[in-house]
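Undergrad: Residues 263 to 598, numbered by this note's numbering, are exactly what the sequence shown covers, in order.
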Amino acid sequence: MEFRYLGSSGLKISTVTYGNWLTHGSQVENDVAKQCVQAALDCGITTFDTADVYANTKAETVLGEALKGERRQSLEIFTKVYWPTGPAGPNDCGLSRKHIMESIDGSLSRLQTDYVDLYQAHRYDPDTPLEETMQAFADVVRAGKALYIGVSEWTAEQLRAGHALARELGIGLISSQPQYSMLWRVIEDEVIPASRELGVGQIVWSPIAQGVLSGKYLPGQQPPAGSRATDAKGGADMVQRFLNDDVLSRVQALKPIAEELELTMAQLAVAWVLQNDNVSAALVGASRPEQVQENVKAAGVRIADEAMKRIDQALGDVVVRDPAKTAENAPARRPS
Ligand code: NDP
263 MEFRYLGSSG LKISTVTYGN WLTHGSQVEN DVAKQCVQAA LDCGITTFDT ADVYANTKAE
323 TVLGEALKGE RRQSLEIFTK VYWPTGPAGP NDCGLSRKHI MESIDGSLSR LQTDYVDLYQ
383 AHRYDPDTPL EETMQAFADV VRAGKALYIG VSEWTAEQLR AGHALARELG IGLISSQPQY
443 SMLWRVIEDE VIPASRELGV GQIVWSPIAQ GVLSGKYLPG QQPPAGSRAT DAKGGADMVQ
503 RFLNDDVLSR VQALKPIAEE LELTMAQLAV AWVLQNDNVS AALVGASRPE QVQENVKAAG
563 VRIADEAMKR IDQALGDVVV RDPAKTAENA PARRPS
């Protein structure tokens, strides 16, 4: 395994990090979920990412059970707050002091741990003053319930404002968790330059574009059985955005490049995001342990500039680069 510092902090994390969105407590049975976590541990993954909202809190419970008995100091456990949980009452979401304080306690109890290494704002909350949010995060840190603070899908401007307040309060806002893959590069123009300036590292989600960059979805054909695109519990809706023949044909053009580099297509996708040195980790999901074992081999792989150029040529104009997408993909009002 390769480890990188998370931003300019002293925290090291595994460059391949395991996440359980759409899988634990939902698409994947609990015994398979545990096998995936065990495979991750056996492969040297030490960093695990979840959120209170995944499977409406069940994903945290499954992860907590799967990690039970592991040496806590050898793990980095990350979770998030913002999206509606529980009965989705008016205060069961967002980044108010009330919800942050209540949500961290629920997460710690489900994860069976006294603290998380990183507590992340899952989106920006335009309806709560940023000062209130950052003060609540600072109090969570001072209470020893989280060691560091991170954010997810915040714009460059939001990152700068949050970082400045965190600094005043004496806590570390050290990470950003955006979507980033060969197909989705919207952070390159604004979020990454701001993050470099602030010492913030990226933990990037869906580096395999939810399985699409593994090359298993073929243009003009039905998705393979058991894949996310066939998961009626939520996965199918989420992966739809990439399932059009234009994208799928372009993705097939990556196959010879992966073969030449002696990588599988999924490994190429994970290795690709890790070529960017502002990326601290690629956050991968898995519906079976073999996927973890395969994808982890992308850690430490270097891709030559010439191959990086060929990847760009192969994908052409299906790559999404518009920096405005970061703001567009976050709700303009707090959801209820
Ligand atoms: P990936 O792009 O890694 O997709 C993972 C899925 O792709 C797997 O569940 C599996 O689905 C398929 N897959 C993985 N490896 C292979 C392989 N080698 N061959 C074929 N198929 C493969 O990431 P996710 O979309 O799962 O996201 C990863 C994590 O990122 C989440 O768990 C979460 O922690 C985080 N995240 C954060 C978000 C945020 O807003 N902050 C939003 C979304 C995710 P299957 O087998 O079912 O097809």
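Built from N, CA and C at the ideal position, the CB exists for glycine as well. Just so it is clear, the structure is predicted and the values come from calculations on it, not from any experiment.
(1) Can you find a heavy atom of the ligand NDP that lies under 7 angstroms from the Cβ of glutamate 556?
(2) Classify methionine 263: buried if its beta carbon has 16 or more other beta carbons within 10 angstroms, exposed otherwise.
(3) Determine the extent of the alpha helix (DSSP H) in which glycine 256 is found, giving its start and end residues.
(4) Given 7 angstroms as the limit, tell me if threonine 285 has its C-beta closer than that to any heavy atom belonging to the ligand NDP.
(5) By Cβ distance below 6 angstroms, which residues in the same chain neighbour alanine 560 in space, the five residues on each side in sequence not counted?
(6) Assign alanine 302 to buried or exposed, taking buried as 16 or more other Cβ atoms, counted over all protein chains shown, within 10 Å of its Cβ.
(7) Excluding the five sequence neighbours on either side, which residues of its own chain have a C-beta within less than 8 angstroms of the C-beta of proline 455, listed in chain order?
(8) Which residue marks the beginning of the beta strand (DSSP E) containing glutamine 464, and which one marks its end?
(9) List the DSSP bridge partners of glycine 331.
(10) Using 7 angstroms as the cut-off, classify the Cβ of glycine 497 as near or not near the heavy atoms of the ligand NDP, replying yes or no.
(11) So, helix, strand or coil for glutamine 537, using DSSP?
(12) Can you say whether arginine 490 is buried or exposed, counting buried as having 16 or more other CB atoms within 10 angstroms of its CB?
(13) Return yes when the C-beta of alanine 548 is under 7 angstroms from any heavy atom of the ligand NDP, and no when it is not.
(14) Quick check: threonine 279 and isoleucine 465, are their CB atoms within less than 8 angstroms of each other?
(15) Can you have a look at alanine 408 and say buried or exposed, based on whether 16 or more other CB atoms are within 10 angstroms of its CB?
(16) Does the beta-carbon distance from tyrosine 316 to asparagine 353 come in below 8 angstroms?
TA: Considering the structure as presented:
(1) The count along the sequence shown starts at 1 and reaches residue 556 at position 294. Yes.
(2) The count along the sequence shown starts at 1 and reaches residue 263 at position 1. When all chains shown are included, methionine 263 counts as exposed.
(3) Since the first residue shown for the chain is 263 and the last is 598, residue 256 is missing from the structure and cannot be characterised.
(4) Indexing the sequence shown from 1 puts residue 285 at position 23. Yes, the Cβ of threonine 285 comes within 7 angstroms of a heavy atom of the ligand NDP.
(5) Walking along the sequence shown from the start, residue 560 turns up at place 298. Excluding sequence neighbours, alanine 560 sits near Gln529, Val532, Ala533.
(6) Taking the sequence shown and counting its residues from 1, one reaches residue 302 at position 40. With 16 or more other CB atoms across the displayed protein chains lying within 10 angstroms of its CB, alanine 302 is buried.
(7) Your numbering for residue 455 matches position 193 in the sequence shown. For proline 455, where only same-chain residues beyond five positions count, the Cβ hits under 8 angstroms are Ala418.
(8) Taking the first residue of the sequence shown as 1, we reach residue 464 at position 202. For glutamine 464, the uninterrupted beta strand (DSSP E) segment begins and ends at 463 to 467.
(9) The sequence position of residue 331 within the sequence shown is 69, counting from 1. For glycine 331, which the question treats as bridged, DSSP gives no partner whatsoever.
(10) Here residue 497 corresponds to residue number 235 of the sequence shown, with the count starting at 1. Under cutoff, so the answer is yes.
(11) For the purposes of this step, residue 537 is identified with residue 275 of the sequence shown, where counting begins at 1. Looking at glutamine 537 - three-state DSSP - the assignment turns out to be coil, as it is neither helix nor strand.
(12) By one-based count along the sequence shown, residue 490 stands at place 228. Buried is the call here.
(13) Translated into positions along the sequence shown, residue 548 becomes position 286. Answer for alanine 548: yes, Cβ within range of the ligand NDP.
(14) Translated into positions along the sequence shown, residue 279 becomes position 17. Translated into positions along the sequence shown, residue 465 becomes position 203. Here threonine 279 is near isoleucine 465, since their CB atoms are less than 8 angstroms apart.
(15) The count along the sequence shown starts at 1 and reaches residue 408 at position 146. Only buried fits alanine 408, as 16 or more other CB atoms lie within 10 angstroms of its CB.
(16) In the sequence shown, counting from the first residue as 1, residue 316 sits at position 54. In the sequence shown, counting from the first residue as 1, residue 353 sits at position 91. Not in contact: tyrosine 316 and asparagine 353 (Cβ atoms no closer than 8 angstroms).
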